[in-house]
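Have a look at the structure below, then the notes.
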Amino acid sequence: MLEKMKIVVSYKDMIRRLVIRDLRGRYKGSVFGFLWNLINPLAQIIVYTIVFSFFFKSGIEKYYLYLGIGMIAWNMFQESLTQGTGSIVANSGMVSKIYFPREILPISAATSRFINMLLAEMIMILIILLSGHGIRISLFPYLLVVFLLEYFLVIGITIILSGLNVYLRDMEYIVSIVMFAWIWITPVMYESRDMQMHFLLRFILNLNPMTAIINALHDILYYQSVPDAEALGRVLIFTIFMMIISETIFIRLEERFVEEL
Numbered sequence: 063m064l065e066k067m068k069i070v071v072s073y074k075d076m077i078r079r080l081v082i083r084d085l086r087g088r089y090k091g092s093v094f095g096f097l098w099n100l101i102n103p104l105a106q107i108i109v110y111t112i113v114f115s116f117f118f119k120s121g122i123e124k125y126y127l128y129l130g131i132g133m134i135a136w137n138m139f140q141e142s143l144t145q146g147t148g149s150i151v152a153n154s155g156m157v158s159k160i161y162f163p164r165e166i167l168p169i170s171a172a173t174s175r176f177i178n179m180l181l182a183e184m185i186m187i188l189i190i191l192l193s194g195h196g197i198r199i200s201l202f203p204y205l206l207v208v209f210l211l212e213y214f215l216v217i218g219i220t221i222i223l224s225g226l227n228v229y230l231r232d233m234e235y236i237v238s239i240v241m242f243a244w245i246w247i248t249p250v251m252y253e254s255r256d257m258q259m260h261f262l263l264r265f266i267l268n269l270n271p272m273t274a275i276i277n278a279l280h281d282i283l284y285y286q287s288v289p290d291a292e293a294l295g296r297v298l299i300f301t302i303f304m305m306i307i308s309e310t311i312f313i314r315l316e317e318r319f320v321e322e323l
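Going by our numbering, the first residue of the sequence shown is number 63, and it counts up by one from there.
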């Protein structure tokens, strides 16, 4: 498996070309181009801010900042999984004609969304500064760690989903439904740590790797505090485990990709 991972890394130029192709193709013919990465979360932020500020009273000061920080990271996670799941099937012609590590396709899908997230979060940081909320630059190294942790978590999950989707084409639809439910057990729109809730829901929240990632981003950019290292450590262990399991299963699945496609 380690040998296979070395081969994947050796194809970094191909990953770069696929990422550039995806970024260019995604906005080709679009009037707003990259701005759609901001328009979509901005629309969500406006709707959720109205709902949670006026109807459900979240009680979080400058709620739009709190929501924006988490929403951009969540959108990267959601889009990477939904798009990455179908990446091998969508490129069936390439898979059938050319040899290359098939993992490159879901990795490329995740990487292009990761780049979009970084650009969007940079603009979010500018908005935070303009709002007068303030930012601690000394916490930026933690921010980089959290971003990379989410990136590799996404890759670990997406690789296995893209392989399963070759055999079960319903996987894309299943992932979309799961994503719809998953956001509600992730503290994107609410602060879970001070909230009274059923012990089972608390258990599910703590089990969710995205909980620690979103909480860490809120800690760094909103609360201006050091994130929970223990929680992030658990996510790191889960991510490593997920990548090992995903690659092991993927190696077995890819043996019949050409036949199934």
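Think of the CB as a built atom: it goes at the ideal place given N, C-alpha and C, for glycine as much as any other residue.
Computed from a prediction, not measured in an experiment: that's the story for all the values here.
CB of residue i within 8 Å of CB of residue j, strictly
i, j, result
"P249", "I276", "yes"
"N227", "V113", "no"
"M31", "Y110", "Residue 31 is absent from the model: the chain starts at 63 and stops at 323."
"T301", "L215", "yes"
"P168", "S149", "yes"
"M76", "E309", "no"
"L129", "I107", "yes"
"L267", "S287", "no"
"E141", "R88", "no"
"L80", "S170", "yes"
"E321", "G225", "no"
"I197", "L191", "yes"
"M270", "I247", "According to the sequence as given, residue 270 is Asn; it is not Met. Going by C-beta atoms, N270 is nearer than 8 Å to I247."
"E212", "T147", "no"
Cβ distance (whole Å) where residue i is taken to contact residue j below 8 Å
i, j, result
"T144", "S238", "6 Å"
"L283", "I187", "7 Å"
"I221", "F312", "5 Å"
"V157", "F319", "6 Å"
"A278", "L294", "6 Å"
"V70", "I177", "Their Cβ separation, rounded to whole angstroms, is 19 Å, which puts V70 and I177 out of contact at 8 Å."
"H280", "I131", "6 Å"
"D290", "A274", "7 Å"
"L104", "H195", "That pair is no contact at about 17 Å."
Residue i: CB within 7 Å of a non-hydrogen atom of the ligand GDP
i, result
"I187", "For the structure depicted, the ligand GDP is absent and the ligand set is empty, with no information on it obtainable."
- [ ] Determine, using beta-carbon pairs with one atom in the segment 259 to 272 and one in the segment 194 to 201, whether at least three such pairs fall under 8 Å.
- [x] Under the three-pair Cβ rule at 8 Å, the segment 259 to 272 does not count as touching the segment 194 to 201.
Task: Length at least 4, wholly inside the segment 213 to 263: the alpha helix (DSSP H) runs in chain order - done: 233 to 244
TODO: Spell out a yes or no on whether the segment 135 to 150 and the segment 172 to 191 are touching, meaning 3 or more CB-CB pairs, one atom from each, closer than 8 Å.
DONE: yes
Open item on the list: Just to confirm the assignment: which complete alpha helix (DSSP H) runs, minimum length 4, are found wholly within the segment 145 to 215?
Closed with: 149 to 152, 154 to 159, 166 to 192
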